[in-house]
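The next block holds one structure in the form of structure tokens; read it before the comments.
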Amino acid sequence: MNLEQIQEMWEKDSKIDPDNLHDESLKIPQLHSKYYTLYNTITLLRERSREQYAKVRLERYNYYTGESNSETYAERPFPYKVREKDAIQRHLEADDKMNKVDMKIKYYDTMLKFLEEIIRAVSNRTYQIKNAQSNGINFQAGFN
11 MNLEQIQEMW
21 EKDSKIDPDN
31 LHDESLKIPQ
41 LHSKYYTLYN
51 TITLLRERSR
61 EQYAKVRLER
71 YNYYTGESNS
81 ETYAERPFPY
91 KVREKDAIQR
101 HLEADDKMNK
111 VDMKIKYYDT
121 MLKFLEEIIR
131 AVSNRTYQIK
141 NAQSNGINFQ
151 AGFN
């Protein structure tokens, strides 16, 4: 599941049928469950990515400091042994493997933020439906 799919699902699910408010109110628990399940799944994926990030960081740290095994350097030679903390940090920040995992974590963070907003909107849906019902009753009775 990616962000675009979640956005498309929410675009469909966010619509409230004003002529069928009773059924819309009954769908609230289902929507909450649907999006909270997604939220939990994405949270676990983000945590796995954080774990992967820590492993990749250690591997790349060892690579740049010359502490990796010889097979690693045979595949991808690195002729230097970086000793300064600042230099190691610069190499790690520019490392493609680390950046790939970091972008994955940021993507999951974006998905989670969007899902939090959806869950908040679903939780507030009861008030929106009650408001629509009372406005409909007032409109039918001739009140403004």
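Take 11 as the starting number for the sequence shown in my numbering and just add one per residue. We put the beta carbon where it would ideally sit given N, CA and C, even for glycine.
Local conformation of R86 per DSSP, three classes: Note: R86 maps to coil in three-state DSSP.
The region 65-72 touching the region 40-48, judged by at least three CB pairs closer than 8 Å: In this structure the region 65-72 does not touch the region 40-48; the number of beta carbon pairs closer than 8 Å is below three.
R56 and L122 closer than 8 Å at C-beta: Against a cut-off of 8 Å, the Cβ pair of L122 and R56 comes out as a contact.
Residue of A84, Y46, Q62 and R86 minimising C-alpha distance to M175: With the chain running from 11 to 154 in the structure shown, residue 175 is simply not present.
Status (buried if at least 16 other CB within 10 Å, exposed otherwise) for E34: Buried, by the Cβ-count rule.
For D27, three-class secondary structure by DSSP: D27 carries a coil assignment under DSSP once its states are collapsed to helix, strand and coil.
Cβ-Cβ distance between Y110 and S59 below 8 Å: The sequence given here places Lys at residue 110; Tyr does not occur at that position. Contact flag unset, no.
Helix, strand or coil at E69 according to DSSP, with G and I counted as helix: Note: E69 maps to helix in three-state DSSP.
N-terminal and C-terminal residue of the alpha helix (DSSP H) that E103 is part of: Where E103 is concerned, the enclosing alpha helix (DSSP H) starts and stops at K95 to A104.
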